[in-house]
Amino acid sequence: MNDSQLLRYSRHILLDELGIEGQQQLLASHALIVGAGGLGSPVALYLGSAGVGHITVVDHDTVDATNLQRQIAHTLADVGRPKSRSVQQSIAAINPDVQVTVISQRADAALLNDLVKNADVVLDCTDNFTTRHAINRACVQHRKPLVSGAAIRFDGQVTVYDPRDEASPCYACVFPESSAPVEEQCATMGVFAPLVGIIGSVQAAEALKVLVNVGKPLTGRLLMLDGRSMGFTELRMPRNIKCPVCGHH
Ligand SMILES: [Zn+2]
Numbered sequence: 000m001n002d003s004q005l006l007r008y009s010r011h012i013l014l015d016e017l018g019i020e021g022q023q024q025l026l027a028s029h030a031l032i033v034g035a036g037g038l039g040s041p042v043a044l045y046l047g048s049a050g051v052g053h054i055t056v057v058d059h060d061t062v063d064a065t066n067l068q069r070q071i072a073h074t075l076a077d078v079g080r081p082k083s084r085s086v087q088q089s090i091a092a093i094n095p096d097v098q099v100t101v102i103s104q105r106a107d108a109a110l111l112n113d114l115v116k117n118a119d120v121v122l123d124c125t126d127n128f129t130t131r132h133a134i135n136r137a138c139v140q141h142r143k144p145l146v147s148g149a150a151i152r153f154d155g156q157v158t159v160y161d162p163r164d165e166a167s168p169c170y171a172c173v174f175p176e177s178s179a180p181v182e183e184q185c186a187t188m189g190v191f192a193p194l195v196g197i198i199g200s201v202q203a204a205e206a207l208k209v210l211v212n213v214g215k216p217l218t219g220r221l222l223m224l225d226g227r228s229m230g231f232t233e234l235r236m237p238r239n240i241k242c243p244v245c246g247h248h
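Residue numbering for the sequence shown follows numbering that gives the first Met the number 0, starting at 0 and increasing by one per position.
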């Protein structure tokens with residue numbers, strides 16, 4: 000690390016759990032962020048400011064006026080631009096050390112297979128069941144930790160699925176593909192603005208912890224937030240040995 004990096008990351012370096020070694024690990028890490036909306040915004044800004052050296056952002060969408068209420072990585076000037084480009088510019092304005100790779104296309108199984116393979120941690124910041132399952136499959140196949148967040152109305156959920164941990168469930172263990180709920184899209188549902196900030200910030204924290212192997216991740220625990228009462232509850236999630244995605248065949 001050079002002098003300006005020692006200064007920039009001094010508050011991380013001062014943490015006993017991180018130190019210079021941990022910060023160097025972050026600088027050498029590659030995070031894949033799928034979705035550059037309400038959850039992806041705080042995730043990208045925190046991973047970027049914290050000095051995750053390489054960040055890949057995938058999003059096929061463009062910024063529109065209804066996004067600005069909660070998607071804090073985008074500004075009025077970004078309306079009409081690809082969200083992934085907008086996020087790249089926002090990270091660059093904070094920390095030019097970080098290399099951001101932009102993928103402005105829909106995250107399908109083939110693309111995810113390629114991208115997940117090269118990532119150290121994957122962050123699911125999407126809002127639909129199909130993509131969530133495709134991300135999960137790729138993470139199980141390549142044994143990559145997946146930090147998953149969801150937020151709708153006043154309700155949020157966040158957890159870590161880690162295929163490297165024998166006891167960890169995968170997304171499909173907890174939310175089987177066969178039990179697909181009626182799709183709830185942000186396009187038609189309300190979302191309390193700071194809720195995505197809270198859940199996205201927890202996702203960023205968990206991803207940084209996983210990258211430097213600090214503390215105890217949310218693996219096997221689904222953290223649920225009721226924003227109305229600001230109450231957090233935790234649900235233990237066992238692995239399903241008959242899971243068609245991660246089960247023993
Ligand atoms: Zn599973």
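Beta carbons are placed, not taken as given, at the ideal position from N, Cα and C, and that holds for glycine.
In this text the structure is predicted, and so the values were computed from the model without any measurement.
### Task
Would you identify the three-state DSSP class for residue 74, choosing helix, strand or coil?
Taken through DSSP and simplified to helix, strand or coil, residue 74 comes out as coil.
### Query
Quick one: is the Cβ of residue 171 within less than 6 Å of any heavy atom of ligand 1?
Yes.
### Task
Can you say whether residue 231 is buried or exposed, counting buried as having 16 or more other CB atoms within 10 angstroms of its CB?
Its Cβ having fewer than 16 others within 10 Å, residue 231 is exposed.
### Message
Tell me which residues share the same chain as residue 26 and place their Cβ nearer than 6 Å to its Cβ, disregarding the 5 neighbours each side in the sequence.
### Response
Result list for residue 26: 50, 52, in chain order.
### Message
I need the DSSP call for residue 129, collapsed to helix, strand or coil.
### Response
Annotated three-state conformation of residue 129 is helix, per DSSP.
### Message
Mapping the DSSP letters down to three states, classify residue 87 as helix, strand or coil.
### Response
Residue state, collapsed to three classes: helix.
### Task
Note the first and the last residue of the continuous alpha helix (DSSP H) segment covering residue 2.
Start and end: 2-7.
### Query
With distances taken between CB atoms, is the gap from residue 34 to residue 58 smaller than 7 Å?
Taking 7 Å as the Cβ cut-off, residue 34 and residue 58 qualify as a contacting pair.
### Message
If contact is defined by three or more beta carbon pairs under 8 Å, each pair taking one atom from either stretch, is the region 137-144 in contact with the region 90-105?
### Response
Taking 8 Å as the limit for Cβ pairs, the verdict is that the region 137-144 does not touch the region 90-105.
### Task
Rounded to whole angstroms, what's the CA-CA distance from residue 209 to residue 153? Just pull it up for me.
Their backbone Cα atoms lie some 27 Å apart in a straight line.
### Task
Would you grab the beta carbon distance between residue 23 and residue 0 for me? Rounded to a whole angstrom, and I think it's under 8 Å.
Right, the Cβ-Cβ distance comes to about 7 Å (below 8 Å), so this counts as a contact.
### Message
Alpha carbons only, please: which of 187, 203, 213, 173 is nearest the one belonging to residue 244?
### Response
Among 187, 203, 213, 173, the Cα nearest to that of residue 244 belongs to 173.
### Query
DSSP on residue 26, reduced to helix/strand/coil?
Residue 26: helix per DSSP, three-state reduction.
### Message
Can you check which of these residues, 85, 19, 11, 113, is closest to residue 67 by C-alpha distance?
### Response
From the listed residues 85, 19, 11, 113, the smallest Cα separation to residue 67 is found for 85.
### Message
Could you give the first and the last residue of the continuous beta strand (DSSP E) run that contains residue 213?
### Response
From DSSP, residue 213 is part of no beta strand (DSSP E); its letter is neither H nor E.
### Message
Please report the distance separating the alpha-carbon of residue 201 from that of residue 194.
### Response
In a straight line, the C-alpha of residue 201 is about 11 Å away from that of residue 194.
#### Entry: Neighbourhood of residue 61 by C-beta, 7 Å cutoff - its chain only, sequence neighbours within 5 removed
Answer for residue 61: 79, 80, 81, 82, listed in chain order.
#### Entry: Spatial neighbours of residue 164 in its chain, beta-carbon cut-off 7 Å, leaving aside the 5 residues before and after
The answer, listed in chain order, is 218.
### Query
Along the chain, which unbroken stretches of the alpha helix (DSSP H) at least 4 residues long are found entirely within the region 108-155?
Counting only runs of 4 or more, we get 108-116, 128-141.
### Query
Just how far apart, CA to CA, sit residue 88 and residue 224?
For residue 88 and residue 224, the gap between their C-alpha atoms comes out near 31 Å.
### Task
Run the proximity test for residue 245: is its beta-carbon closer than 6 Å to any non-hydrogen atom belonging to ligand 1?
Indeed, a heavy atom of ligand 1 lies less than 6 Å from the Cβ.
### As assigned by DSSP and simplified to three states, the class of residue 240
The DSSP-derived three-state label of residue 240 is coil.
### Query
By DSSP, does residue 233 sit in helix, in strand, or in coil?
Strand, per DSSP.
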